[in-house]
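Residues 1 to 640 (the UniProt record's numbering) are what the sequence shown spells out, left to right. These notes are about the structure you will find just below.
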Amino acid sequence: MILLQVNGLTKSFGADIILSNIKLEIQSRERVALVGRNGAGKSTLLKIIAGEMSYTSGEIIKSKDVTIGYLAQNTGLETSATIGDEMRTVFAHLQYMEQSLRNLEQLMGQEEIFTDAARYEKLLTEYDRLQQEYKDQGGYQYEADIRSILAGLGFPQETHSISISTLSGGQKTRLALGKMLLTKPDLLILDEPTNHLDIETLSWLEQYLQGYPGAILIVSHDRYFLDRIVTQVYEISNTQSKRYVGNYSKYLEQKAAWYESEMKRFEKQQDEIAKLQDFVQRNIARASTTKRAQSRRKQLERMEVLDKPLGDEKSASFHFNIERQSGNDVLQVKDVAVGYNGNKVIQNITLQLTRGDSVALVGPNGIGKSTLLKALTQKLNPINGTISYGSNVSIGYYDQQQAELTSSKRVLDELWDEFPLQPEKEIRTVLGNFLFSGDDVLKPVASLSGGQKARLALAKLMMKKCNVLILDEPTNHLDLSSKEILENALVDYPGTILFVSHDRYFINRIATKIIELSPVGAVEYLGDYDYYVDKKAEALERARLQQEAAYTPSVEQPVEKTSYQEDKERKKQERQKARRLEELEELIMNLEEKITELEELLCLPDVYQDYEKVQQINTDKEVMQTQLEAAMTEWEQLQI
């Protein structure tokens, strides 16, 4: 079923055409990505589709009764309500139904109603209808949904009574995302939903969106995320759109193949045109060949000339060099604790950097990654422990907040003041390589977008030619093309890199070592992000097996067995397997019956009006559901 179609849509701001002849189609349960450079018009198109912005021409066709949920970039909840209360506003209709049920219960309990059979029967019928509607719309489930989504976004049960007004901007953005997910619209439109999410929360969001019952239209600069979620890609380039089937990696492959094919067609036609024109010029005046030349001229006039395929728009161009090499030992951190005003944010940190290392610091939001980087760059003194640097170490620091940029300066002066001995022509050339051209260099820094500020900060970092780069979220605000250029520059960098990033694709390309920060210290993994994930999974599996072994009595096995003993042992295992299958089947049947009984209990008025009892029943039901899923999984494995 087609949920939405965009046909020939055009959007202009004055004389500037932002979008032209845009075509896009979204069907039920499709996962669609919108990609393109910063400034290509992706967010503008999302706002138009969501009905928050007008368009110049074209049409948007939506199916009847289709609900659309739109989450703009960096949209945060602004309210003094608590986290739990704000999430419950999504279910105001269910809360209204709850109150209606309570009112009906009170009415039916009144003596004059109870003794009037006709009125009582009418109220009872209305009560049954309303209760069934309440159940069908998830009335007994919405509190569990709220807890599940808030937990996935990093807000456990104990935080639900906190006022939203006291939270950080990033936390408010995550709550806005959570509130949108709870509404479950038919079409979910998300503009950069991965901003402000740590890796653990990103993984949860991926899994949630993979099972989301509606369609999704998404803008993201996280390639790993797009590869896991989307099945179609629309590219916005040179104001127009082009559709590709597959995830982001497939899109890149198809785009490269299309460009190569179209360029060959164009070049072949250009060769043919050149030959025909040459023939006409040489033969049009000769009586013996003039008819043939006229024929070739008509052929040229009838020919539909192909446009040269447009390649990628202009990209930033840079690479990182160093003035001199550092010693082999770059940095040593021993038992360091860092914090503010004597309060430790992170402690027990011990790590070592060797020349040529490329190390990613990972860990949940708030663990202290950025705080540790500030200590390593001497912007913050450690509370205890030692930080020592090797010989000839020069550190270049990229701050995710771009605090080192002066907002009142012009772009040109921001760079030139840092390197006053460089001629203006060279400064302008560097800025041009980072896509600041013409009058762009005379703009005040305060007027720049997040992506432009990121490119300016990278330009300053490049010109410093330091042999150690410490980078705090360097891919924030960069589009996918700029990220790729930064990745290539860092891969070729001859120095040492320590960085914080939540971009898993970026970590995979750059890191040769992962250091995971936790409340108890730091753990080192020699490898990229995928290796780190595998090792974490292995550690969890070992812990699970050890826990199981602690409760399972060990059985001594003889060193050698005769064939008779082996056959006996095999038959014994088969009998044990059969018995276990019978036990599981009985357990599954009992659990299903108990879950059904609990669901029926929830429909009883005397149970439902007891809120604490309902909560307990829902908790018991969730536990039994988990046990049922585990039993079913074990039963399926034994059947193999």
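Note that the Cβ used here is the ideal one computed from N, Cα and C, for glycine as well. These figures come from a predicted structure and were not determined experimentally.
Quick one: what's got a C-beta closer than 7 Å to residue i's C-beta in the same chain, skipping five residues either side?
| i | result |
| --- | --- |
| S28 | M1, L3 and A215 |
| T194 | L202, S220, D222 and F225 |
| E414 | L405, T406, V445 and L456 |
| L598 | I617, D620 and K621 |
| R296 | L276, F279 and V280 |
| E487 | F506, R509 and I510 |
| N321 | K465 |
| K135 | C603 |
| T173 | N74, T75, G76, N195 and H196 |
Per DSSP, what are the beta-bridge partners of residue i in this structure?
| i | result |
| --- | --- |
| P444 | R410 |
| K62 | L4 |
| F13 | D16 |
| T354 | D329 |
| R286 | In DSSP, R286 forms no bridge with anything. |
| V336 | I349 |
| Q27 | I2 |
| I497 | S358 and L469 |
| T82 | S163 |
| E524 | I515 |
| R243 | Y234 |
Identify which residue in the options has its Cα closest to the Cα of residue i.
| i | options | result |
| --- | --- | --- |
| N365 | P519, Q99, L104 and T183 | P519 |
| L508 | G521, L490 and A522 | Note that residue 508 is Asn in the sequence shown, not Leu. Comparing Cα positions, the closest option is L490. |
| R228 | Y505, A631 and K513 | Y505 |
| L431 | L448, V411, S447 and P423 | V411 |
| Y259 | L526, K308 and Q573 | K308 |
| R580 | L188, L638 and E158 | L638 |
| E143 | G84, G390 and M462 | G84 |
| residue 686 | S481, S163, M97 and T166 | Beyond the ends of the chain as shown, which are 1 and 640, falls residue 686; an answer cannot be given. |
| I367 | V338, S261, A549 and R88 | V338 |
| N38 | D479, L442 and I189 | D479 |
If you drop the 5 nearest sequence neighbours on each side, which residues of the same chain put their C-beta closer than 6 Å to that of residue i?
| i | result |
| --- | --- |
| Q73 | D191 and E192 |
| L175 | L77 |
| Q5 | E25 and I61 |
| Y244 | V233, Y251 and Q254 |
| P558 | Reliability of the predicted coordinates at P558 is poor, the pLDDT of 48 falling under 50, and the value obtained from them is presented with this limitation in mind. If we look at P558 and ignore the five residues flanking it on each side, it has no Cβ neighbours. |
| K561 | Here K561 scores only 44 on pLDDT, less than 50, and its place in the model is too uncertain to base an answer on. |
| I48 | Y55 |
| I17 | T239 |
Assuming the contact rule is C-beta atoms closer than 8 Å, residue i and residue j should be a hit. Round their C-beta distance to whole Å, please.
| i | j | result |
| --- | --- | --- |
| S237 | G36 | 6 Å |
| D335 | T350 | 6 Å |
| residue 641 | V233 | The requested residue 641 does not occur in the structure, where the chain is confined to residues 1 to 640. |
| K465 | E323 | 5 Å |
| D329 | Q400 | Actually they do not touch by this definition, with Cβ atoms about 27 Å apart. |
| V32 | L217 | 5 Å |
| I588 | A631 | 5 Å |
| V500 | K369 | 5 Å |
| L34 | K42 | 5 Å |
| T475 | D492 | Not quite, the Cβ-Cβ distance comes to about 17 Å (not below 8 Å), so this is no contact. |
| A316 | L435 | 5 Å |
| T67 | S165 | In fact, because the Cβ distance is near 29 Å, the residues do not count as touching under 8 Å. |
| T183 | G69 | 5 Å |
In whole angstroms, what separates the C-alpha of residue i from that of residue j?
| i | j | result |
| --- | --- | --- |
| V345 | I617 | 40 Å |
| residue 647 | G495 | Because the chain here runs from 1 to 640, residue 647 falls outside it and cannot be looked at. |
| residue 710 | L604 | Residue 710 is absent from the structure shown; the chain starts at 1 and stops at 640. |
| Y55 | N433 | 34 Å |
| I199 | G109 | 53 Å |
| L306 | F266 | 6 Å |
| G356 | V393 | 12 Å |
| D145 | V333 | 43 Å |
| T386 | S168 | 31 Å |
| L94 | L601 | 19 Å |
| L373 | I470 | 7 Å |
| A293 | S241 | 41 Å |
| G246 | L376 | 42 Å |
| G438 | M303 | 39 Å |
| L71 | I427 | 39 Å |
| V555 | R542 | Confidence at V555 is low in this model, with a pLDDT of 49, below 50, so its placement is unreliable and no value can be given for it. |
| Q325 | V468 | 9 Å |
| Q352 | E86 | 45 Å |
| K513 | D534 | 14 Å |
| A256 | S449 | 29 Å |
In its own chain, which residues sit with a C-beta less than 8 Å from the C-beta of residue i, not counting the 5 before and 5 after it?
| i | result |
| --- | --- |
| E636 | none |
| I113 | L107, R119, Y120 and L123 |
| V523 | I515 and E516 |
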